[in-house]
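A quick write-up on the structure given underneath.
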Amino acid sequence: MQREFTISTTRHQELIDITGEAIKAVRDSGIKDGFCFVYIPHATAGVILNESADPNIKTDFLNALNRAILEHANYLHDRIDNNASAHIKSAIIGSSATIPIKNGNLQLGTWQAIMFCEFDGPRSSRHIIIKVCEDK
Amino acid sequence: MQREFTISTTRHQELIDITGEAIKAVRDSGIKDGFCFVYIPHATAGVILNESADPNIKTDFLNALNRAILEHANYLHDRIDNNASAHIKSAIIGSSATIPIKNGNLQLGTWQAIMFCEFDGPRSSRHIIIKVCEDK
Amino acid sequence: MQREFTISTTRHQELIDITGEAIKAVRDSGIKDGFCFVYIPHATAGVILNESADPNIKTDFLNALNRAILEHANYLHDRIDNNASAHIKSAIIGSSATIPIKNGNLQLGTWQAIMFCEFDGPRSSRHIIIKVCEDK
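Residue numbers (my numbering), protein chains in the order written: chain E, 1 to 136; chain H, 1001 to 1136; chain D, 2001 to 2136.
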């Protein structure tokens, strides 16, 4: 079972909670035991699992990442397209997250949410692919 | 085949080798070819594959990560719960690792071990989920 | 369907585009819908998905990572084997990437390529495992 959808982002960098879409995909699949695979087909975005309840964590995450990987640092790619930092962050963070499914529910911990990471927004059309797979 | 277990951690930050648990899960499953999926349902912990033989690597890894992502840096979340750095590290490191299985064995390289990453310990009850899946 | 092959690297650190090998593995498998799983059984290397079209991104990525995780910083492991930084980068970047397959094609975005990350080269023999799995 595969679900593909698009979101738009409104800031240069932001985290967007997409847990609800994954829960819906799992429910619609009818699958009780298996995996939920969330995939981002972009090279300047990513996906993480972390706390969404306190929105400050999103700000702290983006600020800390910007300190570790500077927005601008004489990157060669910035001469062509001014988004080298977004590429680097995307590569480090990763393009997918996999969550086990048990008894029809995502086995997310209490404080885990699935969050799309925009590193080069705003963008009108960011694609997200969710596959729900049943255990053999 | 799913195996869920709990470990306790004794330090604020530490790496704990859980390769033995994955080997046991694969053996108990009887599966010869497939995947071993290790999942951590926590937002202040993670899992990596790396060398466990020289314990110094664990220290070097945690120290380097603490330099890249400072323990305290006026994080907003620290006003609520003093563990923003642990959330950020967990998001960067990731909550799962997948290892292929061939002829009944994990295809770990000579220097690869599966290590639970505690970023906000000590904790008495950290959950680990291991799923072993057979190739179709 | 599993494909294992070896590459050699020529620099201390470099990114090598291996997308063609994954495309070939998917084509050879005949699988139309499923997953392509790329796994690196090494503790001083990794794999990322990112842009390969502008080779400058590879340079920017490696330079930024070297600023975040210093090549040498009195690492304890460097007294035994002078490659602690490579271990740390490998642990952060990760040992696998998973790409969905739809209608016989990898669902890579326009700017996504699969790149092997050498952090401790040059090495004459780096192993890469590609598994192609069909949806149930």
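Heads up, the beta-carbon is just placed ideally off N, CA and C, and yes, glycines get one too.
Whole-angstrom distance between residue j and residue i, CA atom to CA atom
i	j	result
D:Leu2070	H:Ser1090	20 Å
D:Arg2067	D:Val2047	19 Å
E:Ser85	E:Tyr75	8 Å
E:Ile80	D:Asn2056	10 Å
D:Arg2123	D:His2012	9 Å
H:Lys1102	E:Gly121	42 Å
H:Glu1014	H:Glu1118	5 Å
H:Cys1133	E:Lys136	7 Å
E:Thr10	E:Ser125	11 Å
D:Glu2004	H:Gly1034	15 Å
D:Ala2113	E:His87	12 Å
H:Lys1131	H:Cys1036	6 Å
E:Phe116	E:Ile31	24 Å
H:Thr1006	H:Glu1051	22 Å
D:Ile2099	D:Ala2045	19 Å
D:Gln2002	D:Ile2128	11 Å
Terminal residues of the alpha helix (DSSP H) in which residue i lies
i	result
H:Phe1061	1056 to 1068
D:Gly2034	It is not in any alpha helix (DSSP H) - D:Gly2034 instead sits in the beta strand (DSSP E) that spans 2034 to 2039.
E:Arg3	Here E:Arg3 belongs to no alpha helix (DSSP H); instead the beta strand (DSSP E) covers 2 to 7.
H:His1087	1084 to 1093
D:Ser2096	Looking at the DSSP string, D:Ser2096 is not in any alpha helix (DSSP H); the run it does join, the beta strand (DSSP E), is 2096 to 2102.
D:Glu2071	Segment: none, D:Glu2071 is in no alpha helix (DSSP H) and carries neither H nor E.
D:Ala2022	2019 to 2029
Beta strand (DSSP E) segment containing residue i, residue limits
i	result
E:Gly46	45 to 50
H:Ile1080	Per DSSP, H:Ile1080 belongs to no beta strand (DSSP E) and is neither H nor E.
D:His2042	Segment: none, D:His2042 is in no beta strand (DSSP E) and carries neither H nor E.
E:Phe116	113 to 118
heavy atom of the ligand MN below 7 Å from residue i C-beta
i	result
H:Thr1009	Because no ligand of any kind appears in the structure shown, any question about the ligand MN cannot be addressed here.
Short CB-CB distance (under 8 Å) between residue i and chain D
i	result
E:Ala32	According to the sequence as given, residue 32 of chain E is Lys; it is not Ala. No, E:Lys32 lies away from the interface with chain D (no Cβ there is under 8 Å from its Cβ).
H:Gln1013	no
8 Å Cβ cutoff, residue i in contact with chain H
i	result
E:Asp78	no
E:Lys136	yes
D:Cys2133	yes
E:Gln2	no
Minimum Cβ-Cβ distance from residue i to chain E less than 8 Å
i	result
H:Ala1084	yes
H:Ile1114	no
H:Phe1005	no
Subject >> Where the segment 1043 to 1072 of chain H meets chain E: residues whose CB sits under 8 Å from a CB there >> reply: Ala1043, Thr1044, Ala1068, Ile1069, Leu1070
**OP:** Report yes or no: do three or more beta-carbon pairs, one from the segment 94 to 105 of chain E and one from the segment 31 to 44 of chain E, lie closer than 8 Å?
**Re:** yes
Subject >> Interface residues of the segment 95 to 106 of chain E facing chain H [CB-CB below 9 Å] >> reply: Ala97, Thr98, Ile99, Pro100, Lys102
Original post:
Counting Cβ pairs closer than 8 Å, one from the segment 1010 to 1020 of chain H and one from the segment 12 to 30 of chain E, do we hit at least three?
Top reply: no
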